[in-house]
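Written below as structure tokens is the structure these notes are about.
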Amino acid sequence: MTTSDLQYLRSGLRVKCEKDVNPSVRRTCLSFAVWLRTYMEFPIRLVVYLKTDYQLKTRDTKELASATFFAPYDKAVEPYIRIATGDYEELVSERGKNYALWAILRSMAHEIIHYQQWLEDKEMDEKEAEKGSE
Numbered sequence: 001m002t003t004s005d006l007q008y009l010r011s012g013l014r015v016k017c018e019k020d021v022n023p024s025v026r027r028t029c030l031s032f033a034v035w036l037r038t039y040m041e042f043p044i045r046l047v048v049y050l051k052t053d054y055q056l057k058t059r060d061t062k063e064l065a066s067a068t069f070f071a072p073y074d075k076a077v078e079p080y081i082r083i084a085t086g087d088y089e090e091l092v093s094e095r096g097k098n099y100a101l102w103a104i105l106r107s108m109a110h111e112i113i114h115y116q117q118w119l120e121d122k123e124m125d126e127k128e129a130e131k132g133s134e
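Residue numbers (my numbering): 1 to 134.
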């Protein structure tokens with residue numbers, strides 16, 4: 001089944017925030033999503049969840065990470081991204097607001113590269129995701 005065969009699925013990019021996500025993080029990620037929608041297609045709905053956690057457990061290996069991408073085997077199931085934002089205030093005090101926001105946006109961009117790889121039925125390539133998120 002190809003992406004074009006799945007016309008009945010919802011499309012687009014959405015961002016959902018937990019209640020206590022820092023307002024600057026929320027605004028910046030929402031603005032980034034608006035910008036992304038003008039330059040990229042999202043033929044299968046992708047939801048980005050902004051979480052207040054410091055780190056997240058990956059679904060398969062249970063490793064801790066700052067962001068994760070759920071890539072379902074079945075393209076009829078919608079993928080999603082989770083981004084940990086709980087260390088934002090610490091990053092601001094250590095390195096400044098711009099760096100802290102950049103770190104979160106870079107994680108979001110990295111996982112969106114994985115979404116593109118998934119759409120194209122490619123292997124999840126960390127080097128490509130790192131390079132593409134810069």
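Virtual Cβ for every residue (Gly too), placed ideally from N, Cα, C.
- Taken in chain order, the whole beta strand (DSSP E) runs of length 3 or more contained in the region 27 to 53 are 46 to 51.
- Y99: member of the alpha helix (DSSP H) spanning 97 to 119, first to last residue.
- Residue pairing from DSSP places T68 in a beta bridge opposite R82.
- With contacts defined as CB atoms closer than 8 Å, I83 and I104 qualify as a contacting pair.
- In the DSSP assignment, V77 is bridged to no other residue.
- Taking the Cα positions, L101 is about 17 Å away from I81.
- In this structure, K51 and E18 form a Cβ contact; the two beta carbons are roughly 6 Å apart against a cut-off of 8 Å.
- Where V15 is concerned, the enclosing beta strand (DSSP E) starts and stops at 13 to 17.
- The DSSP-derived three-state label of L9 is coil.
- In the DSSP secondary-structure assignment, L56 is bridged to A65.
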